[in-house]
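Peer 1: Dropping a structure here in structure tokens format, bear with me for questions.
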Amino acid sequence: GENVEQHPSTLSVQEGDSAVIKCTYSDSASNYFPWYKQELGKRPQLIIDIRSNVGEKKDQRIAVTLNKTAKHFSLHITETQPEDSAVYFCAVSLGSARQLTFGSGTQLTVLP
Amino acid sequence: EADIYQTPRYLVIGTGKKITLECSQTMGHDKMYWYQQDPGMELHLIHYSYGVNSTEKGDLSSESTVSRIRTEHFPLTLESARPSHTSQYLCASSAGELFFGEGSRLTVL
Chain Y
1 GENVEQHPST LSVQEGDSAV IKCTYSDSAS NYFPWYKQEL GKRPQLIIDI
51 RSNVGEKKDQ RIAVTLNKTA KHFSLHITET QPEDSAVYFC AVSLGSARQL
101 TFGSGTQLTV LP
Chain A
113 EADIYQTPRY LVIGTGKKIT LECSQTMGHD KMYWYQQDPG MELHLIHYSY
163 GVNSTEKGDL SSESTVSRIR TEHFPLTLES ARPSHTSQYL CASSAGELFF
213 GEGSRLTVL
């Protein structure tokens, strides 16, 4: 089955700095790569996703890049704010309608 | 409002009790899922369903069972709860993007 590795497990940045979280996957046929944000005590929520026919996608301060050759994709958050503090999960699937395999999560802390 | 509803949100029970965690969605999604998650930790898929009368086990072995008699309803049952079942259980549904419920936090004493 699919194997997803996520790094780092914890990340602390100063407010206003950028944060980068990286995930690698094993199945070269995977073609859907979402990122979820889970605030403390809340449910995970989709923040951005990318499909394999696209190399980069941006939504305001959040961007995701995909390198299919190397089988890795990354979440970039610029101008971080305290409300960005949360656990972030990457995920991978063989198409958006299939079940997702999640990474182990990254606890991001934005220091004021 | 279209959403996924889970009840109970919190449950504390004794060992050996039978429990059912309820999950209902009003989004008309065919695909529904159950994930197990310890707080802030990895999400493990334990059951999924692609439609009525269709259920499959996920990647993480679980002693729980599920049923899908109606499209909108996907309950999870533990016949005999044990302390090792203490965790948060998240229900989700999908027609592409995955939407999660708020979770049921189970504590077995």
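Quick note, the sequences are listed as chains Y and A, same order.
Per the working numbering, residue 1 is the first one in the first sequence, and the count goes up by one each step.
Per the working numbering, residue 113 is the first one in the second sequence, and the count goes up by one each step.
Every residue gets a Cβ at the ideal spot worked out from N, C-alpha and C, and that includes glycine.
By the criterion of Cβ-Cβ separation under 7 Å, what are the contact partners of Tyr122/A in chain Y?
Peer 2: Result: empty, since nearest Cβ-Cβ is about 11 Å, beyond 7 Å.
Peer 1: Let me know the secondary structure DSSP gives Asp150/A once reduced to three states.
Peer 2: In this structure, Asp150/A counts as coil in the three-state DSSP scheme.
Peer 1: Cutting at 7 Å between CB atoms, please list the residues of its own chain near Glu214/A, excluding the five before and the five after it.
Peer 2: For Glu214/A, where only same-chain residues beyond five positions count, the Cβ hits under 7 Å are Gln118, Arg121.
Peer 1: For Val87/Y, which residues in chain A fall below 8 Å Cβ to Cβ?
Peer 2: Gly152, listed in chain order.
Peer 1: Run through DSSP, which three-state label would Glu83/Y get?
Peer 2: In this structure, Glu83/Y counts as helix in the three-state DSSP scheme.
Peer 1: Just the Cα atoms here: how many angstroms apart are Lys42/Y and Gln99/Y?
Peer 2: The alpha-carbon atoms of Lys42/Y and Gln99/Y are separated by roughly 21 Å.
Peer 1: Report the rounded CA-to-CA distance for Gln38/Y versus Asn165/A, giving the unit in angstroms.
Peer 2: If I take the Cα positions, the gap works out to 31 Å.
Peer 1: Roughly how far, in whole angstroms, is the beta-carbon of Gly103/Y from the beta-carbon of Val4/Y, given that I think they are within contact range, below 8 Å?
Peer 2: Going by Cβ atoms, the distance from Gly103/Y to Val4/Y rounds to 5 Å, so yes, they are a contact pair.
Peer 1: Does chain C have any CB closer than 8 Å to the CB of Gly140/A?
Peer 2: You won't find chain C in this structure, because its protein chains are Y and A.
Peer 1: Taking Cβ-Cβ distances shorter than 7 Å, what residues in chain A pair up with Val104/Y?
Peer 2: In the sequence as displayed, the identity of residue 104/Y is Ser instead of Val. Within 7 Å Cβ-Cβ: Glu154.
Peer 1: Taking the straight line between their C-alpha atoms, what separation do you get for Val92/Y and Val220/A?
Peer 2: Val92/Y and Val220/A: Cα-Cα distance of roughly 32 Å.
Peer 1: Taking C-beta pairs closer than 9 Å, name the residues in chain Y that Tyr117/A reaches, listed in chain order.
Peer 2: Simply none; closest approach about 12 Å.
Peer 1: Tell me Gly170/A's beta-bridge partners as DSSP assigns them.
Peer 2: DSSP, once it has assigned bridges, lists no residue as partnering Gly170/A.
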